[in-house]
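Chemist: Sharing a structure, written as structure tokens. Questions coming.
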Amino acid sequence: MTEEEKDIIVLSDETGAEHRFEIIDMLEIDEEQYAILLPDEVDAEEAMILKVGEDEEGDTFLFAIEDQDEWDMVATAWQETISEETQ
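Residue numbers (our numbering): -9 to 77.
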């Protein structure tokens, strides 16, 4: 996939350092949106799951999932999606 075809976003960490991620999947579960991100690095293998939300002004933000049960639910749903795609 070329750079133009990738859906790349840049996120800042708590120190202000910027990191590039490719959005590899979006899931909707129980009327909530979740983004599956992969670091935009050559050997990146570990995906990150973030919740998609909006602020009062309608701007889209990505949030860490604080609840372990919610995170497990989304991770399981994504694994099922991957399994279905590879069959």
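Note that CB positions come from ideal geometry on N, CA and C, so glycine has one too.
Everything numeric in this text was worked out from a predicted model, so none of it was measured.
Please classify residue 7: is it buried, with 16 or more other beta-carbons within 10 angstroms of its beta-carbon, or exposed?
Modeler: exposed
Chemist: Does residue 71 come out as helix, strand or coil in the three-state DSSP assignment?
Modeler: DSSP places residue 71 in helix when its eight states are reduced to three.
Chemist: With a Cβ-Cβ cutoff of 8 Å, do residue 25 and residue 1 count as a contact?
Modeler: no
Chemist: For residue 69, which residues in the same chain have their Cβ closer than 6 Å to its Cβ, ignoring the five residues on either side in sequence?
Modeler: none
Chemist: Taking the straight line between their C-alpha atoms, what separation do you get for residue 147 and residue 65?
Modeler: Past the boundaries of the shown model lies residue 147; the chain is included only from -9 to 77, so the question cannot be answered.
Chemist: Using beta-carbon positions only, say whether residue 27 and residue 16 come within less than 8 Å of one another.
Modeler: no
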